[in-house]
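Colleague: First to last, the protein sequences are chains V and A.
Following our numbering, the numbering of the first sequence begins with 9 at its first residue and continues without gaps.
Following our numbering, the numbering of the second sequence begins with 10 at its first residue and continues without gaps.
To start, I am sharing the structure in question, which I have written as structure tokens.
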Amino acid sequence: MKRRDLILATALSSLVPTTGFTAAAGAGSVVGIVGQCLVQRDGRPTPLKLGDAVAVSDTIDVPVAGKLKLRMSDGSVISLAPGTRMTVAAYQTDPAGQRQNAQLSLSQGLIRAVVAPVDHPTIFEVSTAVGTAAVRSTDWFMESKPGSAQVGVLSGNVVLRSGATGREVAIPARWGARLEAGRDPVEARVWAPQEFQAVISRTDVP
Amino acid sequence: MVRVAGAILGLAVALGCHDAALAYTASGDRNFPATLVLPQLAPGDQTYLNYSMLPQSSHGAGTATRSTNFSAVYGKSITDNFGIFLEETYTGIGIEGGGTQWGWQNLDGSLRYLAVNNLDHEFILSLGLDRETGGTGAARVGASPSGATTPQLYLAKGLGDLDIGYLRPLAITTYSGMTIADKAPRPDVLNTGVTVEYSLPYLESKVESLDLPDVVRKLTPMTEVLITSPVGRSYGSRTTVLIAPGVSYAGEGWEFAVEALVPATSATGSGVGVTAQLHLALDFLFADTPLGRPIFASQ
């Protein structure tokens, strides 16, 4: 994705009225689960099971022995690796199911996001403590660790932006990049096959 | 005449016939920028254009006063670790009292295999096999009627895994190759080289975020050294030592680099020259197309 497209998408998304769009109720649902995954809703942990809905403001905890797969309201699929904690900060779709705004907060762990394409400018954004990654449609991974984050892209393009310096790096298919707290993103590079294989296997939900 | 031909051949080896270079190579968080004088480290989908000019010591009428090279290289990865490269160079030899003679160098192709890529230690070992096809270039610019084969060894090490503070952006690469001629009177030549580089992008992203201007943040100052020495019968060829200090600027999917060419022996040249290179990373710019992917990609 071109950077100007991202800026345009960000600008347009801020103009989109929130009324008339599906929000909290239909953020997504559980389509695959291994182990006892929990959703924190209204401060209470509740075990998740296949078919359960996931709403905006929900925080999802995947135990070390668990895995979780969500199908979001726009058709995007998010797989959470063991030991992942993620919050659905915002997820808006229009009546046709087209994504308007999607923002996830990844506190720790690894996710794989197969982001559904849409026919208008919009963004799909994942934030970590050290930076943010934004896409339009792609198949990609993001991992959050204490003090760092990394992104790997299987298809499409991702822009990884440092929360501290504001500087970005574009990451095309087969490439990846890391980001350390308080610094610029590391230069993107071609990921080795074993690097992709590692994140694929960690997020592969049967 | 043999001596003049030997000098031109040595010059061509030093400048115009550097082996097919590849896309810049990464190991872990370390990017090794594309080099201008030495071959690159590993296979990749890329193309680049290189210009170089080096003054020569004229020994009177009919001898070379200047060498100019325009090179084009295309690299294609076959698998994630293996690729091929094609290179062609157009050379101009300024002749004392005789204008400039232009012509093609021999067609050059090579194979490259990335054998070791240790991400944690920013270490790369790769192997190459270069083949120069004799008789495909113009003898007037030093292209030999004899072909040559060069087995190659490449090593690269970033120092980012060491606890050395602001020296962590340093990296060293080495190149060794033995050019074995098909037939006399072309000499066999031992090629050795080293690059020392200091990556400001690495400094900003891995060591400390300094408030440097945008253009500076993407620079990698580096110095390359290339030594070529005839082995066995020299046929008039002599040792060349070329030192090339310069800087590389990294854009998104491209690099532009400029280096001075400082000859350290009289056989290499007689004054300071220059080389410049525009490098396009096809695997970045066309990542989702066959142009930017290995023919047999694992992902």
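Backbone N, C-alpha and C define an ideal beta-carbon position, used for all residues, glycine too.
Going by the CB atoms, is the gap between V/Gly171 and V/Val143 shorter than 8 Å?
Modeller: Not a contact, by the Cβ cut-off of 8 Å.
Colleague: With 8 Å set as the bound, which would you pick, yes or no: does the beta-carbon of V/Ala200 sit closer than that to a beta-carbon of chain A?
Modeller: Yes, V/Ala200 lies at the interface with chain A (some Cβ there is under 8 Å from its Cβ).
Colleague: Excluding the five sequence neighbours on either side, which residues of its own chain have a C-beta within less than 6 Å of the C-beta of V/Val189, listed in chain order?
Modeller: The residue you asked about is not Val; residue 189 of chain V is Ala in the sequence shown. Excluding residues within five positions, the ones whose Cβ falls inside 6 Å are Val138, Gly155.
Colleague: Can you list, in chain order, the stretches of the beta strand (DSSP E) that have 3 or more residues and sit fully within the stretch 191 to 248 of chain A?
Modeller: DSSP runs (the beta strand (DSSP E)) wholly in the stretch 191 to 248 of chain A: 197 to 207, 228 to 240.
Colleague: On a CA-only basis, which of V/Phe132, V/Trp199, V/Ile68 is nearest V/Val167? Give me that one, please.
Modeller: Comparing Cα positions, the closest option is V/Phe132.
Colleague: Which residues, taken in chain order from the stretch 259 to 276 of chain A, show a beta carbon closer than 7 Å to some beta carbon of chain V?
Modeller: Listed by position, the residues of the stretch 259 to 276 of chain A near chain V (Cβ gap below 7 Å) are Ala259, Glu261.
Colleague: Measure the C-alpha to C-alpha separation of V/Gly59 and A/Gly137 and round it to an integer number of angstroms.
Modeller: Between V/Gly59 and A/Gly137, the C-alpha separation is close to 54 Å.
Colleague: Could you tell me whether the Cβ atoms of A/Ala157 and A/Thr188 are closer together than 8 Å?
Modeller: Result yes, Cβ atoms of A/Ala157 and A/Thr188 sit closer than 8 Å.
Colleague: Ignore the nearest five residues each way along the sequence and tell me which others in A/Gly144's own chain have a CB closer than 6 Å to its CB.
Modeller: Closer than 6 Å at Cβ, skipping near neighbours: Pro154.
Colleague: Who are the near neighbours of A/Ala70 in its chain, counting only those whose CB is closer than 8 Å to its CB and skipping five residues on each side?
Modeller: Contacts found: Glu105, Gly106, Gly107.
Colleague: Below 9 Å on C-beta distance, what does V/Trp148 contact in chain A?
Modeller: Chain A residues near V/Trp148: none, gap ~12 Å exceeds 9 Å.
Colleague: Output yes if chain A places a C-beta closer than 8 Å to the C-beta of V/Pro154; else output no.
Modeller: No, V/Pro154 lies away from the interface with chain A (no Cβ there is under 8 Å from its Cβ).
Colleague: Along the beta strand (DSSP E) that carries V/Asp69, what are the first and last residues, could you check?
Modeller: Looking at the DSSP string, the run of the beta strand (DSSP E) that includes V/Asp69 is 67 to 69.
Colleague: Report all residues from its chain with a CB closer than 7 Å to the CB of V/Gln202; omit the five preceding and five following residues, and keep chain order.
Modeller: Within the same chain, V/Gln202 has no close Cβ partners at all.
Colleague: Residues of chain V with CB closer than 8 Å to the CB of A/Leu128, please, in chain order.
Modeller: Result: Ala200, Glu203.
Colleague: Just to make sure I have the definition right: I need the residues of chain V whose C-beta is within less than 8 Å of the C-beta of A/Phe293. Which are they?
Modeller: In chain order: Pro180, Trp183, Ala196.
Colleague: Does DSSP put V/Ser152 in a helix, in a strand, or in coil?
Modeller: V/Ser152 falls in the strand class under three-state DSSP.
Colleague: By the criterion of Cβ-Cβ separation under 7 Å, what are the contact partners of A/Glu213 in chain V?
Modeller: Simply Arg191, Asp192.
Colleague: Ordered along the chain, which non-local residues of its own chain (more than five positions away) have a Cβ less than 8 Å from that of V/Glu176?
Modeller: For V/Glu176, where only same-chain residues beyond five positions count, the Cβ hits under 8 Å are Arg11, Val167, Leu168, Arg169, Ser170, Pro193.
Colleague: Determine the closest residue to A/Arg302 out of A/Gly53, A/Pro64, A/Val234, with distance taken between C-alpha atoms.
Modeller: Cα-wise, what sits closest to A/Arg302 is A/Gly53.
Colleague: Roughly how many angstroms lie between the CA atoms of V/Ser115 and V/Leu187, to the nearest whole one?
Modeller: Their Cα atoms are separated by approximately 14 Å.
Colleague: Would you list the residues sitting across from V/Gln100 in a DSSP beta bridge?
Modeller: Note: V/Gln100 sits in a beta bridge opposite V/Asn109.
Colleague: Any idea if A/Asn78 is buried or exposed, counting beta-carbon neighbours within 10 angstroms, 16 or more meaning buried?
Modeller: Burial call: buried.
Colleague: Between V/Lys57 and V/Val38, is the Cβ-Cβ spacing less than 8 Å?
Modeller: Going by C-beta atoms, V/Lys57 is nearer than 8 Å to V/Val38.
Colleague: Under the rule that 16 or more other beta-carbon atoms within 10 Å means buried, what is A/Asp139, buried or exposed?
Modeller: With 16 or more Cβ atoms within 10 Å of its Cβ, A/Asp139 is classed as buried.
Colleague: Measure the Cβ-Cβ separation of V/Gly117 and V/Arg79 and say whether it is below 8 Å.
Modeller: Result no, Cβ atoms of V/Gly117 and V/Arg79 do not sit closer than 8 Å.
Colleague: Taking CB distances under 8 Å as the criterion, tell me whether A/Ala35 reaches chain V.
Modeller: Chain V, which has a Cβ nearer than 8 Å to the Cβ of A/Ala35, makes this yes.
Colleague: Where does V/Thr54 land, buried or exposed, given buried means 16+ other C-beta within 10 angstroms?
Modeller: By the 10 Å Cβ count, V/Thr54 comes out exposed.
Colleague: For the stretch 84 to 158 of chain A, which segments carrying the beta strand (DSSP E) assignment without a break, of at least 3 residues, lie completely within its bounds, in sequence order?
Modeller: Those beta strand (DSSP E) runs which fall completely within the stretch 84 to 158 of chain A and span 3+ residues are 91 to 104, 108 to 113, 117 to 127, 132 to 141.
Colleague: Using a Cβ cut-off of 8 Å, which residues of the stretch 122 to 140 of chain V contact any Cβ in chain A, in chain order?
Modeller: From the stretch 122 to 140 of chain V, no residue has a Cβ closer than 8 Å to chain A.
Colleague: Measure from the alpha carbon of V/Arg191 to the alpha carbon of each residue in A/Asp220, A/Thr274, A/Pro160, then state which is nearest.
Modeller: Measuring from the Cα of V/Arg191, the nearest candidate turns out to be A/Asp220.
Colleague: In the structure shown, what three-state DSSP assignment does V/Gln205 receive?
Modeller: Reduced to three states, the DSSP call for V/Gln205 is helix.
Colleague: Is the beta carbon of A/Thr159 less than 8 Å from the beta carbon of A/Gly186?
Modeller: Contact flag set, yes.
Colleague: So, is the C-beta of V/Arg120 closer than 8 Å to a C-beta in chain A?
Modeller: No, V/Arg120 does not count as interfacial toward chain A.
Colleague: Grab me the residues of A/Ala273's own chain with a C-beta within less than 6 Å of its C-beta, minus the 5 sequence neighbours each way, in chain order.
Modeller: Answer for A/Ala273: Val250, Ile252, listed in chain order.
Colleague: Applying the criterion that 16 or more other CB atoms from any shown protein chain within 10 Å of the CB defines a buried residue, is A/Ile304 buried or exposed?
Modeller: Counting Cβ neighbours within 10 Å, A/Ile304 comes out exposed, since fewer than 16 surround it.
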